[in-house]
Amino acid sequence: MINYGKQFVDDDDIKSVIKVLKSNFLTQGPLVKKFERQLQKKLISKYAICVSSGSGALHIVAKSLNLKKGDKVISSPITFLAGIAGAIHCGAYPEFVDIDKNTYNIDTNKLEDKLKKQKRVKAAIITDFAGQPSDWEDLYYLKKKYNIILINDNCHSIGATYKNNIGYALKYSDVSCLSFHPVKHITTGEGGAILTNNKKLSLQYELYRSHGIQRNYRNSHEPWVYKVDNLGFNYRLSDINAGLGISQLNKLDKFISFRKKIANAYFKKLQNIEELKLPYLNKDRTHSYHLYVLRINFKKINKKKKDLFKIFAKNGIKLQVHYIPIFLQPYFKKNFNINYKNFPNSMNYYDEAFSIPIYYGLKNNVINKVEKILKNFLK
Ligand SMILES: Cc1ncc(COP(=O)(O)O)c(C=O)c1O
């Protein structure tokens, strides 16, 4: 079965991991630091803190917000729920803001409406959906005007650019979180990272990654001493994972250009099919194509999304939906007061959207098959 995404692992990756397995350190060794330095350089950040997942990254970042009861954190409903979940774990009340109907990123006008009404918003988590940067200049303006912290969920968009800048995430936001899950651009198995230019935050993130343990209280007479002022987690990345990450990061540019080629091939083949809505591209940014999302107004053509999924599955292709609006999950319905009428774009999107395969190494025959199945379905 062909999935919407998967990893690409070559001999260099395997060699890199074997080398770690033969070394003295499987974890807490030198490779995490090395991977962090490479991420800093590639993505133009002063600090990088590797962790065991993108979700762990977002949780640590939320912990560092020091939320008080009644503080609110904003998310788009059309993203993975790990960001807002991390904030809720740290005491936030979640608030949602609808997506833009073309880019599927957060709608910055609706975000401003929300910020005007809600006094206790501490932070907004901004996903650069599918791999296309959000409206960062507008977001930065809102950050300054309403004094909020911007957390960039960069789990889809490593290597994307905004106004020719690959380091855009930290130009406009306070902190940026990455995921190295196998469906993402580069993988460490499980893994993630937090990027920031703020030294104080970077030190906090490092502490929270490893139980809050401060070891610099050791001295020669009491070499066992450490101190914990605040409780953290074990969200460390192992050296085995970091070894894989280092060799994967060398291939990032190649991975992204391949994904762009697939996107261009889909565009050429699908652009004239009237019933299909293709990804909208902003001219001042580049897309790194973690996902390739299509939309069909199924109601209008009197067909069902689930039938499209069945036909694709019969042909060996597993479609996916990114995402069910977060607030439709029973946990959110039970615990929070959400008026669905405020989210027309998210609800329409959910009715219509589905993701087709895009990953490094995807074969042309799959692209041809996708085209053929879609044309047959729409006939
Ligand atoms: C937008 C977004 N945020 C956060 C995450 C969480 O990352 P991870 O799976 O590494 O925990 C993901 C991964 O699926 C994601 O797509």
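Counting in the working numbering, the sequence shown runs from 65 upward without gaps.
For each residue, glycine too, the CB sits at the ideal point set by N, CA and C.
- In the three-state DSSP reduction, I113 falls in the strand class (E or B).
- Of all alpha-carbon atoms in F297, G296, Q278, L295, the one lying nearest the alpha-carbon of W288 is that of Q278.
- Beta-carbon to beta-carbon, G256 and G118 are separated by about 4 angstroms, close enough to satisfy the 8 angstroms threshold.
- The straight-line gap separating the alpha-carbon atoms of H386 and S274 is approximately 32 angstroms.
- For L107, the three-state secondary structure derived from DSSP is helix.
- According to the DSSP assignment, P158 belongs to the beta strand (DSSP E) that extends over 157-160.
- P94 counts as exposed, since fewer than 16 other C-beta atoms from the protein chains shown sit within 10 angstroms of its C-beta.
- Comparing C-alpha distances from K325 to each of S352, Q335, T172 shows the shortest one belongs to S352.
- Taking a cut-off of 8 angstroms on C-beta distances, the stretch 235-244 touches the stretch 214-224, as three or more cross pairs fall below it.
- At a Cβ-Cβ threshold of 8 angstroms, R300 and T167 do not count as neighbours.
- With respect to the 8 angstroms criterion, L313 and I250 are classified as neighbours on the basis of their beta carbons.
- Looking at F322, Q104, G69, I402, the one whose alpha-carbon comes closest to that of L259 is Q104.
- Secondary structure at N216: strand, using DSSP grouped into helix, strand and coil.
- At the C-beta level, Y356 and S419 come within 8 angstroms of one another.
- The shortest C-alpha to C-alpha distance from D135 to any of N328, Q182, G120 is the one to Q182.
- Spatial neighbours of A327 in its own chain (CB-CB distance under 8 angstroms, excluding positions within 5 residues in sequence) are listed in chain order as P343, H351, Y353, Y356, I422.
- The beta carbon of I431 sits closer than 6 angstroms to those of A329, all from its chain and outside the five residues before and after it, given in chain order.
- A Cβ-Cβ distance of about 6 angstroms is found for the pair N218 and D192, placing them in contact under the 8 angstroms criterion.
- Taken through DSSP and simplified to helix, strand or coil, Y423 comes out as coil.
- Out of I375, K382, L372, E416, the CA that lies nearest to the CA of I388 is found in E416.
- Annotation: E176 to L206 spans about 7 angstroms, alpha carbon to alpha carbon.
- Relative to the Cα of N294, the nearest Cα in the group K180, I78, I138, K127 belongs to K127.
- In terms of Cβ geometry, D162 and S321 do not form a close pair [threshold 8 angstroms].
- Under DSSP, the beta-bridge partners assigned to R349 are Y226.
- Cβ-Cβ distances below 7 angstroms link K178 to I138, E159, V161 in the same chain, with the five nearest sequence neighbours on each side left out; the list follows chain order.
- Non-local beta-carbon contacts of R101 in its own chain, meaning distances under 8 angstroms to residues more than five positions away in sequence, involve A112 in chain order.
- V96 counts as buried, since at least 16 other C-beta atoms from the protein chains shown sit within 10 angstroms of its C-beta.
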